[in-house]
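K.L.:
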Amino acid sequence: TSAGTINAGGLFNDTLTSTNTNQALTAAQGKVLKDTLDTLDTAVSSSFGVGQTWQNMTSSRVGGTTYTNSSTRPIMLSIAVRDGGTSATLYVNSSIAIRLDDLDGGSAGYIQIVTVVPSGQTYKLDATDNLITFWGELR
Numbered sequence: 002t003s004a005g006t007i008n009a010g011g012l013f014n015d016t017l018t019s020t021n022t023n024q025a026l027t028a029a030q031g032k033v034l035k036d037t038l039d040t041l042d043t044a045v046s047s048s049f050g051v052g053q054t055w056q057n058m059t060s061s062r063v064g065g066t067t068y069t070n071s072s073t074r075p076i077m078l079s080i081a082v083r084d085g086g087t088s089a090t091l092y093v094n095s096s097i098a099i100r101l102d103d104l105d106g107g108s109a110g111y112i113q114i115v116t117v118v119p120s121g122q123t124y125k126l127d128a129t130d131n132l133i134t135f136w137g138e139l140r
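First residue of the sequence shown: 2, per my numbering; consecutive thereafter.
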């Protein structure tokens with residue numbers, strides 16, 4: 002089979018848009034393709050949730066304490082609080098992300114707080130420790 006035809010400049014084709022399947026890539030085309038695939042691989046492997054796992058942080062998290070997401074990617078928080086206090090407020094970078102009021106309904110149920118914390122930002126749950134029954138982080 003033919004490897005293709007050489008143009009007047011001595012090159013097969015200088016773009017990646019050719020639909021000719023009989024032509025080999027030039028070195029420049031190969032580099033562009035490799036660079037594109039490397040960029041895509043980096044983007045996918047650093048995407049939210051890829052390579053991250055849920056961690057049970059209950060024993061190492063305390064209500065009213067500020068923590069920092071020092072990872073290079075966003076993390077997700079999943080916190081269960083018992084319905085038995087007055088309120089719970091989750092702050093991300095000192096701004097209220099979630100506020101739950103009147104948690105003393107007496108039903109002895111649980112409320113799940115879920116949010117994403119961007120890389121480099123702080124987070125804090127203002128709630129009494131006896132209300133926090135589970136604290137998970139996808140990191």
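Built from N, CA and C at the ideal position, the CB exists for glycine as well.
When you compare the segment 55 to 73 with the segment 127 to 138, are there three or more beta-carbon pairs, one atom per stretch, that lie closer than 8 Å?
P.N.:
A contact exists between the segment 55 to 73 and the segment 127 to 138.
K.L.:
Need the endpoints of the beta strand (DSSP E) that L139 sits in, please.
P.N.:
Element bounds for L139: I133 to L139.
K.L.:
Just to confirm, are P75 and V117 a CB contact at a threshold of 7 Å?
P.N.:
Yes, the Cβ-Cβ distance between P75 and V117 is below 7 Å.
K.L.:
Buried or exposed: I80, going by 16 or more other Cβ atoms within 10 Å of its Cβ?
P.N.:
Buried, because 16 or more other Cβ atoms sit within 10 Å of the Cβ of I80.
K.L.:
Relative to the C-alpha of S88, which residue among L26, T66 and I112 is closest?
P.N.:
Cα-wise, what sits closest to S88 is I112.
K.L.:
Would you mind working out which of L139, R140, D127 and N131 sits nearest T66, comparing C-alpha positions?
P.N.:
That would be D127, whose Cα lies nearest to the Cα of T66.
K.L.:
Nearest by alpha-carbon distance to W55: which of G110, Y124, L78 and Y92 is it?
P.N.:
Looking at the Cα atoms, L78 is the closest of the given residues.
K.L.:
Using a 10 Å radius around the Cβ and a threshold of 16 neighbouring Cβ atoms, would you call R100 buried or exposed?
P.N.:
Label assigned to R100: exposed.
K.L.:
Is G50 helix, strand or coil by DSSP?
P.N.:
Coil at G50, not helix or strand.
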